[in-house]
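Per the UniProt record's numbering, the sequence shown starts with residue 1, numbered consecutively.
Some notes on the structure that comes next.
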Amino acid sequence: AVIDRNLSLGREGIFCSELKAALSNSPVKQKIQGFLAGIGGTDVDEELIEKIVTDALARKTFTDGPIWMKED
1 AVIDRNLSLG REGIFCSELK AALSNSPVKQ KIQGFLAGIG GTDVDEELIE
51 KIVTDALARK TFTDGPIWMK ED
C-alpha cells in the first residue's frame, strides 16, 4: 500500500506512480495499490491508516488508479 497526499491529475498519487515505475523491471510482479488520503489538508490519523492497511492486506485485486480514503 502506498499512501499519497498528492495527486497527478489523470493518474494516481505521485509517489505511487514513481514506485511502480522504479519496480517495473522487477522479475517478480509487484502488487502495489495506491491510496489517496489527506487531500485538501484533511487529517490522516491512526484510524485512517489502520483502515488503509486493513484494506490493502485483504485486497485480492488491485486497481490501476488510486483508492480515495477519507475519515468517517
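C-beta: ideal position from N, C-alpha, C; glycine also.
Computed from a predicted model, the values in this text were never measured in an experiment.
A56 and Q30 have their C-alpha atoms spaced approximately 13 Å apart. When DSSP states are grouped into helix, strand and coil, F62 belongs to the coil group. With contacts defined by Cβ atoms closer than 8 Å, F35 and M69 form a contacting pair.
Its chain contains I14 and S17 as the residues whose beta carbon lies nearer than 8 Å to that of S8, once the 5 sequence neighbours on both sides are disregarded; these appear in chain order. In the structure shown, the three-state DSSP call for D55 is helix. Of the candidates I52, T42 and Q33, the residue whose Cα lies closest to the Cα of T61 is Q33.
A direct Cα-to-Cα measurement between V44 and S26 gives close to 31 Å.
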